[in-house]
Amino acid sequence: MRSAFPKEGLFAEKDWLLSPDPFPIEKRFLAELDQLGHRLFVFQRACNQLYQLSVKGKQPAWVARYLDAGKPPKLIEFSRRKEIRDDLPRVIRPDLILTENGYIIAEIDSVPGGIGLTSWLNQTYSGFDKEIIGDTNGMLDGFHSVLPNGGDIVISLEAATYRPEMEWIAARLKDRHRDLEWHVVAAENYEPQDDRAVYRFFELFDLPNIPNIDNTLRANAEGRITITPPMKPYLEEKMWFALFWMQPLREFWRRELGEKYFIKLQEVIPYSWLLDPTPLPQHAVIPRLEIHDWREAAKLSQKDRDLLLKVSGFSPLGWGSRGVALGADLPHAEWEQRIEHALETFEQSPTILQRFHKGRLFEHRYWDPESGELKTLKGRVRLCPYFFVEQDRVKLRGALATIVPADKKFLHGMRDAILAPSQVSDKA
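For the sequence shown, position 239 (counting from the first letter as 1) is numbered 842 according to my numbering, and the numbering increases by one without interruption.
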């Protein structure tokens, strides 16, 4: 594996633990993952629809008001253009936490990293393991479907960690399709080329750092280029999980998702609340918490604080776990302070509160570079399936497992975590 590693690396200045074993997944769970991809596509389509209906006054106006909070007016205006009205992300990557009872979706990543890494892992492990999810070239085929005629992968300084993996995938695509060109280019000095497709690898909060962004937006609006994921900040909000659980929107979700998908998503989307500081009527309470005011949540006992605070998607803190805090882990005074800060900054950067679900423990072998031995890590798993929207189908093209030491509460890539592809197994 080490000899197969690209000399340019895959992540800038990032290391992880290598394992000789892919992460095993039961056939039954693989079938569930396959179905999840289409459910999430329908969910994102419904989110797009709900926002637009809210803007038109055909759904509650407060939906769009929440989703637009803290966004620049020019970007809001652009996101509502009829030319991009039906545009949706072409790559869907949920972060799944594997639990004792199955899994939950921690969030859906708007601008997912790991595409090149997972492609390399799949390719490498397929050399000595069968049944790797996505096979040797699944991730390459999936990404090719996003930019079928070549294109520009436009990446910002903020996302520079991921530049090596995108350069690796662009080079592999070029090897397979000699007559086409894929370029990885810096967002900060990008000039759009007519008829070139753009894969956006930068967050929308980063636009002030991209001087020529107006040219790119204009070219997109005039149909001279396509951009995916679309420039729609409302689609990249973490508050969608809170909106999904709101009683006034229940009939909308049932109708747009269909009864079966609605029930299935209720099983895996953690119950979430929006920390709106608007006072409630005297007789009203916040559902499931049975409190009248969010400041009462600050007084919950440590036992009752298995709750995550998550900052809005439109924030530099929205990446990784930087904008996440677990109530049960914080001293009472800090928890109270964080709730107060979330309420005070709601209009600029909405925050959600989400039920925390603890990951199940797994054991997985890894290579210890210090001792030169194989060891076993006991840890919790974040599974990231990569779904690609290919014409009228949603295809699972790979699944990256991140196995994090058991004492870590937040599951994400780190030096002492194992990163491995997934494999269909009868023994999982």
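For every residue, glycine included, the Cβ atom is placed at its ideal position computed from N, Cα and C.
In the same chain as L964, and ignoring 5 residues on each side of it, the C-beta atoms closer than 8 Å to its own belong to K981, G982, R983 and A1009, in chain order.
Of all alpha-carbon atoms in F917, A1020, D738 and H935, the one lying nearest the alpha-carbon of D909 is that of H935. Bounds of the beta strand (DSSP E) holding S1025 are I1021 to S1028. Looking at the DSSP output, K981 sits in a beta bridge with E966. The way I'd put it, the region 955-962 does touch the region 897-916; three or more beta-carbon pairs between them come closer than 8 Å.
A direct Cα-Cα distance of roughly 15 Å separates L929 from E710. CA-CA distance, G730 to D738, rounds to 10 Å. Of the residues L691, Y728 and T727, the one whose Cα lies closest to the Cα of V714 is L691. The C-beta of Q994 has fewer than 16 other C-beta atoms within 10 Å across all chains shown, which makes the residue exposed. Excluding residues up to 5 positions away in sequence, G705 lie with their Cβ nearer than 8 Å to the Cβ of E870 in the same chain. In this model, I772 and D698 are separated by some 22 Å (Cα to Cα). A residue is called buried when at least 16 other Cβ atoms come within 10 angstroms of its Cβ; R766 meets this threshold and is buried. Burial is judged here by how many other beta carbons sit within 10 angstroms of a residue's own beta carbon; V888 has fewer than 16 and is exposed. Distance from the Cα of S722 is smallest, within the candidate group D1029, I679, E770 and K677, for E770. In this structure the region 794-808 touches the region 820-835; the number of beta carbon pairs closer than 8 Å is three or more. Boundaries of the alpha helix (DSSP H) harbouring K677: P676 to S682, taken from the DSSP string. Within the same chain, L878, P880 and W897 come within 7 Å of L946 by CB-CB distance, once the 5 residues on both sides are set aside. Leaving aside the five residues that flank P1024 on each side, the residues in its chain whose CB is nearer than 6 Å to its CB run, in chain order, P625, L724, N725, Y728 and I735. Along the length of the region 779-850, whole alpha helix (DSSP H) runs at least 4 residues long occupy 816-824 and 843-847, reported in chain order.
Between R642 and K867, the C-beta spacing is below 8 Å. Assigned with DSSP and collapsed to three states, P1008 falls in strand. Exclusion of the five residues before and after P919 leaves F808 as the residues of its chain whose Cβ lies within less than 7 Å of its Cβ. Just so you know, the alpha carbons of N823 and I756 end up roughly 15 Å apart. Restricted to the region 682-748, the alpha helix (DSSP H) segments that are unbroken, complete and at least 4 residues in length are 718-728, listed in chain order. Under the three-state reduction of DSSP output, R1000 falls in the strand class. Boundaries cannot be given for A901, as no alpha helix (DSSP H) includes it and DSSP labels it neither H nor E. The Cβ neighbour count for P884, taken over all protein chains shown within 10 Å, is under 16; the residue is labelled exposed.
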